[in-house]
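Notes to accompany the following structure.
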Amino acid sequence: MAATLISPQHKLVAGLAMCALALSLYSCGNSQATKDQPAAVAPQVHTDSIAFSGDTSTADMVYIPGGTFMMGGDNNQAAPDEFPKHSVSVSPFWMDAHEVTNAQFKKFVDATGYVTTAERKPDWEDIKSQVAPGTPKPPDSMLVAASLVFTPPNHPVALNDFSQWWTWTAGADWRHPEGKGSNIDGKENYPVVHISWDDAQAYCKWAGKRLPTEAEWEFAARGGLKDKIYSWGNEGINEGLPKANTWEGHFPDKNIARDGFVGIAPVKSFQPNGYKLYDIAGNVWEWCADWYRNDYYQKLAQQGGTIKDPKGPDNSFDPEEPYAPKKVTRGGSFMCNESYCSGYRVARRMKSTHDSGMSNLGFRCVKS
Ligand SMILES: [Ca+2]
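Okay, so the sequence shown: first residue is -8 according to this note's numbering, each after it adds one.
Spelled out as structure tokens, the structure:
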């Protein structure tokens, strides 16, 4: 488990920041079922105070026709949790053509006064339930409004120590993506980041939309192609023209940015997939509605036949962090490359605790 390879201080920060995604990035492909561990219990997310904006349009959305497909890994990079491939059908739905932008999120905040998770002081009682029993309370100096900021080193580092490139940064939030003193001026058209699953839920409620299920997300990402590795087909990420905003070079210390972007790109900077979805691969990870379980596909496959509109498991279990309830994230980010997580593959599953915020984590919505 990743946490055993990092310092106690970093473990503390990881626990504080609920840095499940980073842990997951480290452990790509290393999932192992641990069936004697308890499944994490689902927390309740309260969005009662958020009212629907009244906007019922499908502007900036694309129609996804629905259909039947084989869900799961298509090449030898696939992790154990992407297997077995199984038959799934999804009903038609609408999906945001691009990731929710800073400008869109600002409209929501201006209308509702919503305060994101990263802008709030963490509650030790909440954190305690997500870490191993007996984990000591962190000092008050660390229990401050903060988020995880990507801080790449200038030299090669071991890929099993995510603390080398993630920093728990006070004052980092969607308006201040690098922490205090940073801003999003001129980045209105960039995907909003440092957004927790709870924040994404709140936005969706206001917008009259919802987060996609994991099955809807993968069906949409495949763009009408059959059993392909990527949303554009099978051409490798480093072959031909750049197809998505990913990490090119040696992660995490050297990014040659062949695709033109060292960090996040404005939405719609690359060609869309067959359903006209932009940045469905790369740029930022995207929250899905579903709980994450490493063994979920095994359970679905045991049912046999075609699974119609699966909604994910009833609870979460990640053997790498058995106490942390996690939601699925999909699509990869500007930090993904072949040596690391290949998150831009359509089948790649990732996961993060519902209260995580990070430099490379955003979302898009659907409605049906
Ligand atoms: Ca890039």
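For each residue, glycine too, the CB sits at the ideal point set by N, CA and C.
Residue i: CB within 6 Å of a non-hydrogen atom of ligand 1
i	result
N236	yes
D300	no
A248	yes
F141	no
F96	no
F252	yes
F43	no
F308	no
F325	yes
Closest by C-alpha distance to residue i, when choosing among the options
i	options	result
K267	E90, G45, W156, N229	E90
G170	A42, T59, V140	V140
S138	S350, E277, A235	S350
D281	K317, H167, G251	K317
A109	C356, H345, S359	H345
P129	K112, P144, P143, T49	K112
F308	Y283, E329, V319, A163	Y283
A315	I118, V81, D87	I118
N285	V183, R201, K342	K342
A94	I175, A212, T38, D46	I175
T237	R355, M62, L202, S324	S324
D39	T158, K196, H77	K196
Sheet register partners of residue i (DSSP bridge)
i	result
M349	L139
A161	A137
F96	Answer is none; F96 lacks a bridge partner.
N145	BP columns for N145 are empty, so no partner.
T344	K317
K427	Residue 427 is absent from the structure shown; the chain starts at -8 and stops at 359.
Y221	G224
N236	G273
T59	S80
H167	D164
Contact test: residue i Cβ vs ligand 3 heavy atom, cutoff 6 Å
i	result
E329	Ligand 3 is not part of the structure shown, which contains ligand 1 as its ligands.
DSSP-derived helix/strand/coil call for residue i
i	result
R213	helix
D189	helix
K119	helix
P313	coil
E205	helix
S260	coil
W85	strand
A338	coil
W282	strand
A11	Confidence in A11 is poor, its pLDDT being 36 and thus under 50, which makes the residue's placement too unreliable to answer from.
S154	helix
Y54	strand
P182	strand
K128	coil
K112	coil
K358	strand
Local Cβ density within 10 Å of residue i, reported as buried at 16 or more and exposed below that
i	result
H146	exposed
P127	exposed
A123	exposed
I186	buried
P83	exposed
I271	buried
D72	buried
H241	exposed
V357	buried
K219	buried
G58	exposed
P144	exposed
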